[in-house]
Each structure stands twice: as structure tokens, then as C-alpha cells.
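Structure first, commentary second.
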Ligand code: SF4
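Residue numbers (the working numbering), protein chains in the order written: chain Z, 119 to 481; chain G, 211 to 301.
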């Protein structure tokens with residue numbers, strides 16, 4: 119398929135790899151932010167063919183994985199109400215809450231539906247005026263434009279039985295939180311190419327400067343990731359720390375302005391809890407007052423549900439790049455994709471699930 | 211979750227006041243909202259995420275990347291690690 123196959127060519131991959139080997143003289147730790155990139159790295163065995171000096175650590179870039187337990191519990195409380203049709207992307211349904219998951223709500227008779235686009239949820243609301251339709255708006259900057267459009271469209275059409283349970287997170291504040299942590303090991307970032315497609319990379323320039331880390335917005339195919347690593351290594355070796363775009367076919371410095379405008383119109387920046395990491399200031403988005411009627415947390419008064427995270431799972435340290443999945447005592451034993459203890463095992467993009475699927479049972 | 215898939219816009223139409231398109235992903239055709247790529251034309255490629263087109267893919271830039279890589283020299287011979295559970299770069 120065009121734009122995919124050419125970017126998976128093994129002959130070109132070996133050429134880029136040879137350049138990486140020629141460039142590297144010292145050990146470096148590079149974090150790929152996005153779970154989609156983690157998946158591609160493990161699936162293609164990229165980490166296994168890199169020179170031993172380069173260690174890839176996996177970042178917190180999986181919105182499913184970082185959605186806090188208490189939001190899952192709120193989703194379950196709302197979805198259990200008889201008047202509600204609860205809609206969500208499929209990957210949220212199996213994420214364990216403190217007692218059950220959304221699949222169990224469905225099997226107990228709740229009307230829980232998987233949608234492919236948030237606009238489908240608006241259609242369901244239009245077609246079911248006697249029901250309350252709630253969409254589980256989870257995601258990074260990549261997903262926010264679609265979720266903003268759903269609220270905007272409902273507002274335009276005067277649809278009042280639609281709302282969103284919002285748990286939107288923003289990537290740059292999390293990147294900064296990781297860099298400023300005392301135990302930080304990350305020396306360069308491969309930034310998430312689709313987040314940057316929306317937001318551009320202006321926000322990354324002060325971070326690169328302040329923490330002296332190269333930041334390379336990078337795509338998802340094997341050649342993209344290898345080139346992202348090459349650009350990062352060349353900067354590290356030369357002592358440079360710039361934002362350098364690898365994903366040139368999709369990412370522009372300004373990003374997608376019309377998408378940014380609608381995100382701004384509907385949502386505002388707010389503090390957000392990240393599962394396994396804790397609260398990060400200004401790292402999320404909530405619905406603006408103007409659209410408060412579309413805020414499911416207000417509509418169903420679930421604001422006072424607070425849940426503590428279980429101690430068992432070490433996904434927090436995995437999401438911060440401090441540990442790898444096989445270092446978790448439960449990995450592949452009590453915890454598998456069929457019996458997930460933590461969100462990093464549930465989501466296909468979670469590091470634990472990627473390691474399990476491709477049988478990386480040792481570090 | 212941030213997965214976005216490249217596809218070709220084969221038809222542009224209006225639905226409920228929104229600019230929409232039929233997108234062809236190598237034979238599978240699906241609908242996507244084109245509001246965020248207002249200048250897109252039929253025949254162009256876009257990245258689609260959760261039913262929304264996020265960008266117009268730049269054919270020229272894609273070509274340039276591929277040419278740059280093709281021109282790179284194979285300085286070092288790669289040894290394939292024997293114990294690798296999967297062959298690298300095979301999807
Ligand atoms: S293997 Fe399971 S329990 Fe261990 S960190 Fe991953 S999700 Fe948590």
C-alpha cells in the first residue's frame with residue numbers, strides 16, 4: 119500500500135542502520151514517546167538490530183494506558199445507568215476499573231457500544247432522542263480534533279442528549295515531567311508523529327533548549343523510526359539539541375491550524391492525573407464552560423468518585439521508561455492480555471502487551 | 211490509539227454540513243471527515259485517525275525521504291542476529 123510499503127523496505131532499513139552504526143561512539147538512551155512507535159519497534163525487532171550503545175526506552179504515549187483508574191470507574195458508573203447509551207473506541211472496553219470493566223457492564227445489560235469515530239456517537243444521539251448518549255473522549259492531541267468536532271456538531275444541531283466523558287492528555291507536559299524527574303535517563307526523544315501532525319513542533323523548541331535534549335518528531339514505519347534514531351544520535355554525538363522533523367510527509371512546524379482552533383474552542387488546558395505517574399500540571403484538557411452542557415461528569419455528577427491505584431502493577435515505572443515489562447514479576451504469569459492487571463497489558467499499544475505479543479520475555 | 215492510516219481520497223461530499231470523503235485504503239473504502247483538511251482534493255492521500263483526516267500527505271517530501279535513504283551508503287555489513295524471534299523488518 120502506498121505510503122506504507124515503501125517505508126518498510128528492508129534494503130533501505132539496512133542502509134539507515136549502517137549510518138546509525140557509523141555515527142554512534144558512546145551509549146545513549148532514547149525514548150520513543152508513542153505506543154504506536156513502541157509497537158512498531160518491537161514488532162520489527164528494531165531494538166535488537168541497533169548497535170548495543172543505543173537503548174530505546176518506551177514512553178507514556180498510550181492514552182489508554184495512562185487513563186486513570188478513577189475515570190474508568192466513572193465511565194462504568196455512567197454506562198451502568200439505564201437511560202445511557204455509552205459509546206467508546208474499542209480499546210477502552212477491556213481496561214480494568216477497580217471492580218469491573220466496560221465489557222462486564224455490557225454483559226450485565228448495559229448499552230455499551232463501540233464506535234469508530236466520535237461523529238458516530240452524535241448520530242446515535244440524533245437517532246435516540248429518548249436516551250442519553252455519552253462518548254468516552256480519551257486520547258492525545260491526535261484524537262482531540264475529532265472529539266472536539268463531535269461536541270461542536272451536537273451544539274450546531276441543537277442535540278442535547280449527547281455528552282462526553284473527557285480524559286484528554288497532552289504530550290509536552292509529560293515529556294517535561296519525565297525530564298525533570300531526578301531518576302530521568304532519557305537523553306533524546308522521538309516525538310509522536312501524529313500528535314505533531316496536529317500540534318506542530320513549536321511547543322517542543324523550549325523543551326529541547328531547556329533540558330538540552332534532541333527532539334525528533336518521528337513517523338511509525340520502520341524506516342521512519344530508524345531515521346528518527348539516526349537524527350537523534352547524530353545530534354547527541356555532536357552535542358546539539360534541536361527539534362528536527364523526521365516525519366516530513368505529514369508534520370509541519372505550525373501543525374494543523376484548523377484542528378488546533380476547534381480544540382481551543384471546545385476544550386481548555388487543565389491539570390490531569392496520569393495512571394501510574396500521578397497528576398501533571400496543565401497536562402490535560404477539559405470542556406470549556408461554554409460547552410458545559412456536553413460534559414458528562416457534570417451531567418451525571420460522578421465528580422466525587424476517587425479511586426487509588428493498586429500497588430501490584432509496575433506500569434507507572436514502565437511508562438516513565440525506568441523499567442521494561444519483563445522486569446515486572448507478574449508479566450506473563452498473573453498478567454497476560456487475557457488477564458490484564460494493568461492498562462499497559464490491555465491496550466495493544468501498551469509496552470507490556472507488545473512485549474507479550476512478540477514474546478520478548480527477557481530484558 | 212494514535213494510529214493513523216494513509217488512504218486516497220476518492221470522493222468528496224457534504225454530510226450534515228460537514229465536508230466528508232470516501233477514502234480508499236488499498237481496496238477497502240471507508241468514510242472520513244475532511245473538515246481539518248479543507249483544501250484537500252480527490253486523488254490526494256491523507257492520514258486518517260478515528261474517522262478524521264489529519265493531514266494531506268506530501269508526495270514530494272515522501273519521495274525525497276526515500277531518495278535520501280536510497281543514496282545512503284551501506285558502510286557496514288549487517289549481521290542478522292540468529293536468535294531473533296522474528297526476522298527484522300518483515301511485516
Ligand atoms: S505486566 Fe501487567 S502487572 Fe506488570 S506492569 Fe505490565 S500491566 Fe502491570
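Even for Gly, the Cβ is constructed at its ideal location relative to N, Cα and C.
Which value, in whole angstroms, describes the spacing of the CA atoms of residue i and residue j?
{"i": "residue 287 (chain G)", "j": "residue 190 (chain Z)", "result": "Note that residue 287 (chain G) scores 49 on pLDDT, short of 50, meaning its location in the model is unreliable and no value can be drawn from it."}
{"i": "residue 297 (chain G)", "j": "residue 394 (chain Z)", "result": "Any answer about residue 297 (chain G) is weak, because its pLDDT of 48 lies below 50 and its placement is not dependable; what the coordinates show is given next. Looking at the two C-alpha atoms, the distance is approximately 33 Å."}
{"i": "residue 270 (chain Z)", "j": "residue 215 (chain Z)", "result": "30 Å"}
{"i": "residue 478 (chain Z)", "j": "residue 444 (chain Z)", "result": "8 Å"}
{"i": "residue 273 (chain G)", "j": "residue 346 (chain Z)", "result": "17 Å"}
{"i": "residue 460 (chain Z)", "j": "residue 187 (chain Z)", "result": "10 Å"}
{"i": "residue 381 (chain G)", "j": "residue 333 (chain Z)", "result": "It is not possible to answer for residue 381 (chain G), since the shown part of chain G is limited to 211 through 301."}
{"i": "residue 324 (chain Z)", "j": "residue 199 (chain Z)", "result": "46 Å"}
{"i": "residue 224 (chain G)", "j": "residue 245 (chain G)", "result": "10 Å"}
{"i": "residue 277 (chain G)", "j": "residue 138 (chain Z)", "result": "17 Å"}
{"i": "residue 390 (chain Z)", "j": "residue 280 (chain Z)", "result": "23 Å"}
{"i": "residue 203 (chain Z)", "j": "residue 255 (chain Z)", "result": "14 Å"}
{"i": "residue 462 (chain Z)", "j": "residue 211 (chain Z)", "result": "14 Å"}
{"i": "residue 122 (chain Z)", "j": "residue 337 (chain Z)", "result": "11 Å"}
{"i": "residue 162 (chain Z)", "j": "residue 309 (chain Z)", "result": "19 Å"}
{"i": "residue 233 (chain Z)", "j": "residue 243 (chain Z)", "result": "13 Å"}
{"i": "residue 468 (chain Z)", "j": "residue 439 (chain Z)", "result": "12 Å"}
{"i": "residue 181 (chain Z)", "j": "residue 258 (chain Z)", "result": "6 Å"}
{"i": "residue 228 (chain Z)", "j": "residue 397 (chain Z)", "result": "31 Å"}
{"i": "residue 492 (chain Z)", "j": "residue 270 (chain G)", "result": "With chain Z covering only 119 through 481, there is no way to say anything about residue 492 (chain Z)."}
{"i": "residue 220 (chain G)", "j": "residue 227 (chain G)", "result": "19 Å"}
{"i": "residue 464 (chain Z)", "j": "residue 264 (chain Z)", "result": "23 Å"}
{"i": "residue 411 (chain Z)", "j": "residue 450 (chain Z)", "result": "44 Å"}
Under the three-state reduction of DSSP, which class applies to residue i: helix, strand or coil?
{"i": "residue 213 (chain Z)", "result": "coil"}
{"i": "residue 355 (chain Z)", "result": "helix"}
{"i": "residue 240 (chain G)", "result": "strand"}
{"i": "residue 463 (chain Z)", "result": "helix"}
{"i": "residue 338 (chain Z)", "result": "coil"}
{"i": "residue 244 (chain Z)", "result": "helix"}
{"i": "residue 446 (chain Z)", "result": "coil"}
{"i": "residue 301 (chain Z)", "result": "coil"}
{"i": "residue 125 (chain Z)", "result": "helix"}
{"i": "residue 514 (chain Z)", "result": "Residue 514 (chain Z) lies beyond the residue range present for chain Z, which begins at 119 and ends at 481; the question has no answer from this structure."}
{"i": "residue 291 (chain G)", "result": "At residue 291 (chain G), the pLDDT of 49 sits below 50, so the modelled position is not reliable; the number obtained from the coordinates is stated separately. Coil."}
{"i": "residue 453 (chain Z)", "result": "strand"}
{"i": "residue 235 (chain G)", "result": "strand"}
{"i": "residue 176 (chain Z)", "result": "strand"}
{"i": "residue 543 (chain Z)", "result": "Look at the range of chain Z in this structure, 119 to 481, and you will see that residue 543 (chain Z) is not part of it."}
{"i": "residue 346 (chain Z)", "result": "helix"}
{"i": "residue 283 (chain Z)", "result": "strand"}
{"i": "residue 228 (chain G)", "result": "strand"}
{"i": "residue 420 (chain Z)", "result": "coil"}
{"i": "residue 402 (chain Z)", "result": "strand"}
Are the Cβ atoms of residue i and residue j separated by less than 8 Å?
{"i": "residue 218 (chain G)", "j": "residue 234 (chain G)", "result": "yes"}
{"i": "residue 183 (chain Z)", "j": "residue 433 (chain Z)", "result": "yes"}
{"i": "residue 385 (chain Z)", "j": "residue 406 (chain Z)", "result": "yes"}
{"i": "residue 296 (chain Z)", "j": "residue 331 (chain Z)", "result": "no"}
{"i": "residue 369 (chain Z)", "j": "residue 340 (chain Z)", "result": "no"}
{"i": "residue 266 (chain Z)", "j": "residue 168 (chain Z)", "result": "no"}
{"i": "residue 306 (chain Z)", "j": "residue 148 (chain Z)", "result": "yes"}
{"i": "residue 235 (chain Z)", "j": "residue 220 (chain Z)", "result": "no"}
{"i": "residue 260 (chain Z)", "j": "residue 214 (chain G)", "result": "yes"}
{"i": "residue 268 (chain Z)", "j": "residue 282 (chain Z)", "result": "yes"}
{"i": "residue 131 (chain Z)", "j": "residue 420 (chain Z)", "result": "no"}
{"i": "residue 142 (chain Z)", "j": "residue 351 (chain Z)", "result": "yes"}
{"i": "residue 378 (chain Z)", "j": "residue 456 (chain Z)", "result": "no"}
{"i": "residue 164 (chain Z)", "j": "residue 344 (chain Z)", "result": "yes"}
{"i": "residue 239 (chain Z)", "j": "residue 251 (chain Z)", "result": "yes"}
{"i": "residue 448 (chain Z)", "j": "residue 430 (chain Z)", "result": "yes"}
In chain B, which residues lie less than 9 Å from residue i when you measure between Cβ atoms?
{"i": "residue 228 (chain G)", "result": "In summary, chain B is missing from the structure at hand, where the protein chains are Z and G."}
Looking at residue i and ligand 2, is the gap between the Cβ and the nearest heavy atom below 7 Å?
{"i": "residue 436 (chain Z)", "result": "As far as ligands go, the structure on display features ligand 1 and does not contain ligand 2."}
message: So if I threshold CB-CB distances at 7 Å, which residues from the segment 119 to 138 of chain Z count as touching chain G?
response: Residues of the segment 119 to 138 of chain Z with a C-beta atom less than 7 Å from some C-beta of chain G are 119, 120, 121, 122, 124, 126, 128, 130, 131, 132, 133, 134, 135, 136, 137, listed in chain order.
- request: Could you say if the segment 388 to 405 of chain Z and the segment 286 to 294 of chain Z meet the contact criterion of at least three C-beta pairs nearer than 8 Å?
  value: With a cut-off of 8 Å, the segment 286 to 294 of chain Z and the segment 388 to 405 of chain Z count as touching, because enough Cβ pairs lie within range.
- prompt: Any contact of the segment 246 to 256 of chain G with the segment 295 to 315 of chain Z, i.e. 3+ C-beta pairs under 8 Å?
  reply: Taking 8 Å as the limit for Cβ pairs, the verdict is that the segment 295 to 315 of chain Z does not touch the segment 246 to 256 of chain G.
message: At a CB distance below 7 Å, what residues from the segment 247 to 280 of chain G approach chain Z? Give them in sequence order.
response: The residues in question are 248, 255, 257, 259, 260, 261, 262, 264, 265, 267, 268, 271, 272, 275, 276, 279, 280.
The segment 350 to 369 of chain Z touching the segment 153 to 160 of chain Z, judged by at least three CB pairs closer than 8 Å: Contact between the segment 350 to 369 of chain Z and the segment 153 to 160 of chain Z is not established, with fewer than three Cβ pairs separated by less than 8 Å.
- request: Specify whether the segment 274 to 283 of chain G and the segment 235 to 251 of chain G touch according to this definition: at least 3 beta carbon pairs, one from each stretch, less than 8 Å apart.
  value: In short, these stretches do not touch, since the Cβ pair count stays below three.
query: In chain order, what residues of the segment 358 to 375 of chain Z put their CB closer than 7 Å to some CB of chain G?
result: Those would be 366, 367, 368, 374, in chain order.
message: Short of 8 Å Cβ to Cβ, which residues in the segment 204 to 234 of chain Z face chain G?
response: Near chain G, meaning a CB-to-CB distance below 8 Å, the residues of the segment 204 to 234 of chain Z are 207, 209, 234.
task: Can you give me, in chain order, the residues of the segment 146 to 170 of chain Z that have a beta carbon less than 8 Å from any beta carbon in chain G?
output: Result list: 152, 153, 154, 161, 162, 163, 164, 166, 167.
- request: Pull out every residue of the segment 189 to 204 of chain Z whose Cβ sits closer than 7 Å to any Cβ of chain G, in chain order.
  value: Within the segment 189 to 204 of chain Z, no residue has a Cβ lying closer than 7 Å to any Cβ of chain G.
Chain G contacts from the segment 375 to 393 of chain Z (Cβ-Cβ distance under 7 Å): Listed by position along the chain: 376, 377.
task: Report the residues of the segment 308 to 341 of chain Z with a CB closer than 7 Å to any CB of chain G, ordered along the chain.
output: Those residues of the segment 308 to 341 of chain Z that come within reach of chain G (Cβ to Cβ, closer than 7 Å) are 310, 312, 313, 315, 316, 340, 341.
task: May I ask you to list, following chain order, the residues of the segment 237 to 265 of chain Z that have a beta carbon less than 8 Å from some beta carbon of chain G?
output: Near chain G, meaning a CB-to-CB distance below 8 Å, the residues of the segment 237 to 265 of chain Z are 237, 238, 256, 257, 258, 260, 261, 263, 264.
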